[in-house]
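Number of protein chains: 2
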Amino acid sequence: MDARERLIESAQDLLWERGYTGTSPRAIQHRADAGQGSMYHHFAGKHELAREAIARTADQLKAEAAASLATPGTATEKIGAYLTRQRDVLRGCRVGRLAADPDIITAADLREQLAATFAWLRETLARIVASGQRAGQVSPRLDPHDTAATIVAVVQGGYVLARSADSTEPFEQAVSGLLALIMKES
Amino acid sequence: MDARERLIESAQDLLWERGYTGTSPRAIQHRADAGQGSMYHHFAGKHELAREAIARTADQLKAEAAASLATPGTATEKIGAYLTRQRDVLRGCRVGRLAADPDIITAADLREQLAATFAWLRETLARIVASGQRAGQVSPRLDPHDTAATIVAVVQGGYVLARSADSTEPFEQAVSGLLALIMKES
DNA sequence: GTCTATACGGGGATAGAC
DNA sequence: GTCTATCCCCGTATAGAC
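Just so you know, the protein sequences line up as chains A and B, in that order.
Note that numbering that gives the first Met the number 0 has the first sequence beginning at 0, numbered continuously upward.
Note that numbering that gives the first Met the number 0 has the second sequence beginning at 0, numbered continuously upward.
The structure is reproduced here in structure tokens:
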């Protein structure tokens with residue numbers, strides 16, 4: 000694997016662990032086993048490297064979400080599969096984590112990558128909710144887009160609660176609580 | 000207002016805006032209009048000042064949550080009041096925000112302040128859900144603690160989505176979606 | 001492509017004067 | 001209590017050699 004590749008992957012790791020503000024070029028170089036000159040040869044600076052790293056992470060996340068949602072079965076089964084898919088709960092969401100970072104929110108090009116990722120996820124879930132309504136598995140009284148936002152928010156908020164508690168339990172409770180609400184009428 | 004007080008309030012502001020990692024002693028001193036010597040006279044360092052600031056913020060947050068939950072009415076009305084209370088959505092949660100910060104999660108004494116705040120909030124909401132069940136307004140099939148975790152997670156996750164989108168809309172959708180789920184049977 | 005040198009301000013704190 | 005001086009390393013690059 001060449002240096003450019005190692006730099007991107009190291010940046011992905013560090014952005015996940017420490018966010019943008021908490022990640023220094025030096026730390027990325029160390030983890031990538033690349034020198035100062037190498038990094039600044041391949042990227043204009045921290046910002047540009049972060050952009051590449053976030054794009055890569057966002058793509059991976061979408062692929063993983065799509066895979067869990069491709070579970071065969073009813074709409075509620077797909078949503079259940081998404082909610083209960085394997086997660087590194089205490090490490091948090093690789094994309095959502097960045098929303099807390101002031102320098103990400105300020106940099107329009109970086110923030111938009113988060114916006115696009117969540118927009119895609121919400122839209123995908125909304126379609127599944129709507130299809131569940133057509134199939135009669137989901138209450139027609141629910142708004143698909145609102146419900147999709149709720150589902151994504153429970154996951155993101157679950158991470159916050161789990162990291163605060165240093166325990167996966169509140170994440171699991173939040174997901175169980177949501178599933179119970181969605182299934183209530185079935 | 001004395002310098003000690005100004006330092007704590009400045010630290011509260013900056014922790015909200017930039018997190019722990021993103022906040023330097025210098026920045027706090029500047030905002031507080033206090034010198035280096037003043038800060039290190041009143042506090043042993045950044046860590047100790049942050050602890051005081053977080054304690055203060057956590058107390059304020061609990062007081063505000065308790066106030067919204069003291070709304071007269073049924074359990075579902077209280078929950079609705081909590082969910083729709085006035086919020087600075089794009090600035091995020093002053094406590095939940097810190098869960099993304101690696102240095103907060105690593106420092107047990109700081110992280111525990113977040114844990115305690117959310118534990119209190121979830122327990123308070125769980126009691127309200129349970130009382131709603133006794134009064135027949137909430138489905139007896141729901142687990143009060145799970146449901147409480149879901150409610151808190153929707154709020155925390157709503158902040159993440161709103162900040163990512165640079166719009167309050169997804170927050171409002173997530174809350175509406177949750178309210179629809181809770182009210183579905185009423 | 002990668003290395004080393006150099007730069008300048010900031011992060012986070014200690015020491016001692018006033 | 002607050003000020004100023006001082007410290008040392010890090011953050012974030014740029015420049016030019018190899």
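From the three backbone atoms N, C-alpha and C, an ideal C-beta is built for every residue, glycine too.
In this text the structure is predicted, and so the values were computed from the model without any measurement.
Cβ of residue i within 8 Å of any chain B Cβ
{"i": "Pro-169 of chain A", "result": "yes"}
{"i": "Thr-75 of chain A", "result": "no"}
{"i": "Ile-181 of chain A", "result": "yes"}
{"i": "Leu-113 of chain A", "result": "yes"}
{"i": "Val-151 of chain A", "result": "yes"}
{"i": "Thr-123 of chain A", "result": "no"}
{"i": "Val-137 of chain A", "result": "no"}
{"i": "Ser-163 of chain A", "result": "yes"}
{"i": "Thr-105 of chain A", "result": "no"}
{"i": "Leu-60 of chain A", "result": "no"}
{"i": "Gly-79 of chain A", "result": "no"}
{"i": "Gln-132 of chain A", "result": "no"}
{"i": "Ser-175 of chain A", "result": "yes"}
{"i": "Gly-34 of chain A", "result": "no"}
{"i": "Phe-42 of chain A", "result": "no"}
{"i": "Arg-17 of chain A", "result": "yes"}
{"i": "Thr-20 of chain A", "result": "yes"}
{"i": "Arg-30 of chain A", "result": "no"}
{"i": "Arg-110 of chain A", "result": "yes"}
Assigned secondary structure, residue i (DSSP; H/G/I helix, E/B strand, else coil)
{"i": "Asp-100 of chain A", "result": "coil"}
{"i": "Thr-146 of chain A", "result": "helix"}
{"i": "Pro-139 of chain A", "result": "coil"}
{"i": "Lys-77 of chain A", "result": "helix"}
{"i": "Ala-106 of chain B", "result": "coil"}
{"i": "Thr-22 of chain A", "result": "coil"}
{"i": "Ala-126 of chain B", "result": "Per the sequence shown, residue 126 of chain B should be read as Arg rather than Ala. In this structure, Arg-126 of chain B counts as helix in the three-state DSSP scheme."}
{"i": "Arg-133 of chain A", "result": "helix"}
{"i": "Gln-85 of chain A", "result": "coil"}
{"i": "Ser-166 of chain B", "result": "coil"}
{"i": "Val-151 of chain A", "result": "helix"}
{"i": "Met-0 of chain B", "result": "coil"}
{"i": "Ala-115 of chain B", "result": "helix"}
{"i": "Gly-189 of chain A", "result": "Outside the modelled stretch of chain A, which goes from 0 to 185, sits residue 189 of chain A, for which no answer is possible."}
{"i": "Ala-32 of chain A", "result": "According to the sequence shown, residue 32 of chain A is Asp rather than Ala. Looking at Asp-32 of chain A - three-state DSSP - the assignment turns out to be coil, as it is neither helix nor strand."}
{"i": "Gly-91 of chain A", "result": "coil"}
Cutoff 8 Å: residue i Cβ touching any chain A Cβ
{"i": "Lys-45 of chain B", "result": "no"}
{"i": "Gln-172 of chain B", "result": "yes"}
{"i": "Leu-141 of chain B", "result": "yes"}
{"i": "Ser-37 of chain B", "result": "no"}
{"i": "Ala-148 of chain B", "result": "yes"}
{"i": "Pro-101 of chain B", "result": "yes"}
{"i": "Arg-55 of chain B", "result": "no"}
{"i": "Gln-85 of chain B", "result": "no"}
{"i": "Asp-145 of chain B", "result": "yes"}
{"i": "Val-88 of chain B", "result": "no"}
{"i": "Leu-160 of chain B", "result": "yes"}
{"i": "Arg-93 of chain B", "result": "no"}
{"i": "Glu-63 of chain B", "result": "no"}
{"i": "Gln-228 of chain B", "result": "The requested residue 228 of chain B is not part of the displayed model; chain B covers only 0 to 185."}
{"i": "Arg-96 of chain B", "result": "yes"}
{"i": "Arg-126 of chain B", "result": "no"}
CB-CB length for residue i against residue j, believed under 8 Å
{"i": "Ile-150 of chain B", "j": "Ala-74 of chain B", "result": "In fact, because the Cβ distance is near 11 Å, the residues do not count as touching under 8 Å."}
{"i": "Gly-156 of chain A", "j": "Val-88 of chain B", "result": "About 13 Å; that fails the 8 Å criterion."}
{"i": "Leu-68 of chain A", "j": "Thr-123 of chain A", "result": "6 Å"}
{"i": "Lys-183 of chain A", "j": "Lys-183 of chain B", "result": "6 Å"}
{"i": "Val-94 of chain A", "j": "Thr-56 of chain A", "result": "6 Å"}
{"i": "Leu-60 of chain A", "j": "Thr-116 of chain A", "result": "6 Å"}
{"i": "Cys-92 of chain A", "j": "Tyr-39 of chain A", "result": "No, Cys-92 of chain A and Tyr-39 of chain A are not in contact; Cβ-Cβ is about 30 Å, not under 8 Å."}
{"i": "Ala-107 of chain A", "j": "Ala-52 of chain A", "result": "Incorrect: roughly 17 Å between the Cβ atoms, too far for contact."}
{"i": "Leu-160 of chain A", "j": "Ala-148 of chain B", "result": "7 Å"}
{"i": "Ala-152 of chain A", "j": "Ala-152 of chain B", "result": "7 Å"}
{"i": "Trp-15 of chain B", "j": "Arg-86 of chain B", "result": "With 8 Å as the limit, Trp-15 of chain B and Arg-86 of chain B do not qualify as a contact, their Cβ atoms being about 13 Å apart."}
At 4 residues or longer, and completely inside the region 36 to 72 of chain B: list those alpha helix (DSSP H) runs for me, N to C. 45 to 68
Answer yes if the region 128 to 148 of chain B comes into contact with the region 170 to 177 of chain B, meaning at least three C-beta pairs across the two stretches below 8 Å, and no otherwise. no
Under 8 Å: do the region 23 to 36 of chain A and the region 80 to 97 of chain A share three or more Cβ pairs, one atom per stretch? no
Counting Cβ pairs, one atom from each stretch, are 3 or more of them under 8 Å apart for the region 109 to 121 of chain A and the region 3 to 13 of chain B? no
If you pair each beta-carbon of the region 42 to 60 of chain B with each one of the region 11 to 19 of chain B, do three or more pairs fall below 8 Å? yes
On the three-pair Cβ rule with 8 Å, is the region 87 to 101 of chain A touching the region 93 to 100 of chain B? yes
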